[in-house]
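Quick notes on the structure that follows.
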Amino acid sequence: MTSQTSLNTARNRALALDQADPLAAYRSQFHIPQTTNGNKVLYFCGHSLGLQPKNTAALVQQELQHWQQNAVEGHFTGARPWLSYHEQLTQGLAELCGALPIEVTAMNSLTVNLHLLLISFYKPTAKRHKILIEANAFSSDRYAVSSQLTLHGYDPETSLIELNPRLGEDVLRTEDILSLIEREGHAISALVLPGVQYLTGQYLDIPRITQAAHQQGCVIGFDLAHAIGNVPLQLHEWNVDFAVWCGYKYLNSGPGAIGGMFVHERHAQRPELPRLAGWWGHDKQTRFTMPHDFSPLLGAEGWQLSNPPILACAPLISSLEIFYSARLSKLRAKSVQLTEFLYGLLTAHCPKVSVITPSDPSQRGCQLSLRLAMSPSKAKRIYEDLALQGIMCDWREPDIIRVAPTPLYNTYFEVFTFVATLQSMLK
Ligand SMILES: Cc1ncc(COP(=O)(O)O)c(C=O)c1O
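In the numbering used here, the protein residues as written are 1429 to 1855.
What follows is the structure, encoded as structure tokens:
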């Protein structure tokens, strides 16, 4: 079969898969940007900033109007009184995390939440004061963890342990993670690892790693920025100690959206656990009597500091309604098929592309990270040319193109078009 014939076959298969897609209608619930000539952009950047649901503007507008019409009374009146507004986010977030409602809350942004939880969970002692992260950790996680070490009087040079992929490899091997934990665990106080790694798209084996960390007496927290809304999670069952996330990627809640956190029930129910305190984490019964003594709420809400930004919570309500309706299990089933379609087409038609994301669908979310067999400057030009043709993926230094077909709004035909365009550019 010639390359053109097999591309034609792929095109027909893409059309057939879109026809049969039970989730296809969700695409129409999102605003899809247009190119200057009026065509819809092929948007593969849900791993960076998710698209805006069409219902979001109305929900934000509703709260603006509530404020216009009721001012301070808006805290107590209307369909969603502001005093308890954020509580409406809890059930949906709990479902996405595989958590009990008491274990999650929407608040702040990811790095702020990471600091708040490290304050509670990083309890260094002379013998056990190290923190383990991955060498390629997202910069903000590294800064947060290093500054926590410094705050406690430790030097990141010696107290930060870094997990590296093997020489010449891009992704971490689970057995290497487990053996490092076994070797160094006695000196490690806390581990902070990604659920899905931002650069490679690797979905770590959270339950096995968590179990290994606990066997060594360490606490473990996960950065779920690239995991929530992307892959199935069972944080409660997996016994994860804590987790944090942001809301602007797969949660489609807008730039700088409200983030969230998970604290396992066995910690969340312990008011004596030290924490940084603020009035919104205080017992609701006495919050407005302004007592001098802080009495934390049970559950993740006990880590809240301030009253939540309602205008930032509204987009998350809109997004969670879509997840509730589509169901994460169905989205994941489509996501596996959509990304596998991309993987198969790239392998068949683009020999100059190597996919650094694991080939096993259970070890990745929707994102594939690509490296092109050419100099980084030439590869970057390819990425820029794709953008000029209305195909939005992203470039990560030094040489990675990230492409994330998301099951809520991407189609198989878009994936086909991406690969056909890339193939003709690489010829
Ligand atoms: C993996 C990862 N961790 C942390 C962050 C930082 O998030 P925030 O700005 O909400 O603190 C990001 C942001 O993109 C991220 O991708």
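All C-beta atoms, glycine included, are put in the ideal place defined by N, C-alpha and C.
Everything numeric in this text was worked out from a predicted model, so none of it was measured.
query: Would you say the beta carbon of residue 1687 comes nearer than 7 Å to a heavy atom of ligand 1?
result: Position 259 of the sequence shown, counted from the first residue, corresponds to residue 1687. Distances taken from the Cβ of residue 1687 to the heavy atoms of ligand 1 include one shorter than 7 Å.
query: Residues in its own chain within less than 8 Å of residue 1449 by CB, not counting five upstream and five downstream?
result: Reading the sequence shown from its first residue, position 21 is the one you call residue 1449. So the qualifying residues of the chain are 1762, 1839 and 1840.
query: To which residues does DSSP link residue 1710 through a beta bridge?
result: As a first step, residue 1710 must be located in the sequence shown, where it is residue number 282. DSSP, once it has assigned bridges, lists 1724 as partnering residue 1710.
task: Return the CA-CA distance between residue 1796 and residue 1432, expressed in angstroms with no decimal places.
output: Here residue 1796 corresponds to residue number 368 of the sequence shown, with the count starting at 1. Here residue 1432 corresponds to residue number 4 of the sequence shown, with the count starting at 1. Those two C-alpha atoms are separated by around 24 Å.
task: With a 10 Å radius around its C-beta and 16 neighbouring C-beta atoms as the bar for buried, classify residue 1594 as buried or exposed.
output: Sequence index remark: in the sequence shown, residue 1594 carries index 166 (1-based). Residue 1594 is classed as exposed because its beta carbon has fewer than 16 other beta carbons within 10 Å across all chains shown.
- prompt: How many angstroms separate the CA atom of residue 1539 from the CA atom of residue 1855?
  reply: The residue you call residue 1539 lines up with position 111 of the sequence shown. The residue you call residue 1855 lines up with position 427 of the sequence shown. Each residue's Cα considered, the two are about 43 Å apart.
query: Can you tell me the Cα-Cα spacing of residue 1517 and residue 1557, whole angstroms?
result: As a first step, residue 1517 is located in the sequence shown; it is residue number 89 there, counting from the start. As a first step, residue 1557 is located in the sequence shown; it is residue number 129 there, counting from the start. Rounded to whole angstroms, residue 1517 to residue 1557 spans 35 Å at the Cα level.
query: Just to check, is the beta-carbon of residue 1653 closer than 7 Å to a non-hydrogen atom of ligand 1?
result: Taking the sequence shown and counting its residues from 1, the one referred to as residue 1653 is at position 225. Result yes, Cβ under 7 Å from ligand 1.
- prompt: Excluding five sequence neighbours on each side, which residues of the same chain lie with their C-beta closer than 7 Å to the C-beta of residue 1552?
  reply: Residue numbering aside, residue 1552 sits at position 124 when the sequence shown is read from its first letter. Cβ neighbours of residue 1552 beyond the five flanking positions: 1580, 1582 and 1617.
- request: Would you check if there are 3 or more beta carbon pairs closer than 8 Å linking the region 1477 to 1484 to the region 1667 to 1681?
  value: yes
task: Could you tell me the distance, in whole angstroms, from the CA atom of residue 1571 to the CA atom of residue 1561?
output: Working through the sequence shown from its first residue, we reach residue 1571 at position 143. Working through the sequence shown from its first residue, we reach residue 1561 at position 133. Whole-angstrom Cα-Cα distance: 11 Å.
- prompt: Who pairs with residue 1716 in a beta bridge, going by DSSP?
  reply: Looking up residue 1716 in the sequence shown gives position 288. Its beta-bridge partners do not exist; DSSP assigns none.
message: Give me the residue from 1457, 1439, 1769 and 1435 with the minimum Cα distance to residue 1748.
response: What you label residue 1748 is simply residue 320 of the sequence shown in a count that begins at 1. When each option's Cα is compared against that of residue 1748, the closest is 1457.
With 16 other Cβ atoms within 10 Å as the buried cut-off, status of residue 1603: Walking along the sequence shown from the start, residue 1603 turns up at place 175. So residue 1603 ends up on the exposed side.
- request: State the start and end residues of the unbroken beta strand (DSSP E) segment that holds residue 1535.
  value: Locating residue 1535 in the sequence shown gives position 107, where the first residue counts as 1. From DSSP, residue 1535 is part of no beta strand (DSSP E); its letter is neither H nor E.
query: Relative to the C-alpha of residue 1711, which residue among 1725, 1729 and 1837 is closest?
result: Taking the sequence shown and counting its residues from 1, the one referred to as residue 1711 is at position 283. With distances taken between Cα atoms, residue 1711 lies closest to 1725.
Residue 1541, buried or exposed, once every other Cβ within 10 Å from all chains shown has been counted against 16: Start at 1 with the first residue of the sequence shown, and residue 1541 comes out as number 113. By the neighbour-count rule (16 or more Cβ atoms within 10 Å), residue 1541 is buried.
field: Limits of the unbroken beta strand (DSSP E) element including residue 1810
entry: Here the question's residue 1810 lines up with position 382 in the sequence shown. From DSSP, residue 1810 is part of no beta strand (DSSP E) but of the alpha helix (DSSP H) over 1804 to 1816.
message: Here's the rule I'm using: 16 or more other beta-carbon atoms within 10 Å means buried, otherwise exposed. How should residue 1654 be labelled?
response: The count along the sequence shown starts at 1 and reaches residue 1654 at position 226. Per the 10 Å Cβ criterion, buried.
- prompt: Is any heavy atom of ligand 1 found at a distance shorter than 7 Å from the C-beta of residue 1525?
  reply: By one-based count along the sequence shown, residue 1525 stands at place 97. It does not: the Cβ of residue 1525 is nowhere closer than 7 Å to a heavy atom of ligand 1.
message: Across the region 1522 to 1541 and the region 1782 to 1793, are there enough close Cβ pairs to call them in contact, namely three or more that are closer than 8 Å?
response: no
query: Considering only C-alpha positions, which residue in the set 1495, 1531 and 1487 is nearest to residue 1698?
result: Here residue 1698 is taken as the residue at index 270 of the sequence shown, counted from 1. Out of 1495, 1531 and 1487, 1531 has the C-alpha closest to the C-alpha of residue 1698.
query: What do you reckon, are the CB atoms on residue 1620 and residue 1658 nearer than 8 Å?
result: Along the sequence shown, one-based indexing puts residue 1620 at 192. Along the sequence shown, one-based indexing puts residue 1658 at 230. Not closer than 8 Å, so no.
At least 3 beta-carbon pairs within less than 8 Å: the region 1748 to 1757 vs the region 1769 to 1782: no
message: Measuring straight from C-alpha to C-alpha, what distance separates residue 1790 and residue 1815?
response: In the sequence shown, counting from the first residue as 1, residue 1790 sits at position 362. In the sequence shown, counting from the first residue as 1, residue 1815 sits at position 387. Answer to the nearest angstrom: the Cα atoms are 30 Å apart.
field: Beta-carbon contacts of residue 1514 that lie in its chain and below 6 Å, excluding the five residues immediately before and after
entry: As a position in the sequence shown, residue 1514 is number 86, starting the count at 1. For residue 1514, where only same-chain residues beyond five positions count, the Cβ hits under 6 Å are 1534, 1736 and 1741.
query: So is residue 1670 buried or exposed if we call it buried at 16+ other beta carbons inside 10 Å?
result: Reading the sequence shown from its first residue, position 242 is the one you call residue 1670. By the neighbour-count rule (16 or more Cβ atoms within 10 Å), residue 1670 is buried.
message: Could you check whether the Cβ of residue 1822 sits closer than 7 Å to any heavy atom belonging to ligand 1?
response: Along the sequence shown, read from residue 1 onward, the residue named residue 1822 stands at position 394. Between ligand 1 and the CB of residue 1822, the shortest heavy atom gap is not smaller than 7 Å.
message: On a Cα-Cα basis, can you pick out the residue from 1437, 1639 and 1452 that is closest to residue 1835?
response: Taking the sequence shown and counting its residues from 1, one reaches residue 1835 at position 407. Looking at the Cα atoms, 1452 is the closest of the given residues.
- prompt: Identify the residues that DSSP records as bridge partners of residue 1650: which are they?
  reply: Here residue 1650 corresponds to residue number 222 of the sequence shown, with the count starting at 1. 1621 and 1671, per the DSSP bridge assignment.
- prompt: Does ligand 1 have a heavy atom nearer than 7 Å to the CB of residue 1681?
  reply: Against the sequence shown, residue 1681 aligns to sequence position 253. Residue 1681: no, Cβ never under 7 Å from ligand 1.
- prompt: Any heavy atom of ligand 1 closer than 7 Å to the CB of residue 1473?
  reply: The count along the sequence shown starts at 1 and reaches residue 1473 at position 45. Incorrect: residue 1473 has no Cβ contact closer than 7 Å to ligand 1.
- prompt: Is residue 1687 buried or exposed, if buried means 16 or more other CB atoms sit within 10 Å of its CB?
  reply: Within the sequence shown, residue 1687 is the residue found at index 259, counting from 1. Counting Cβ neighbours within 10 Å, residue 1687 comes out buried, since at least 16 surround it.
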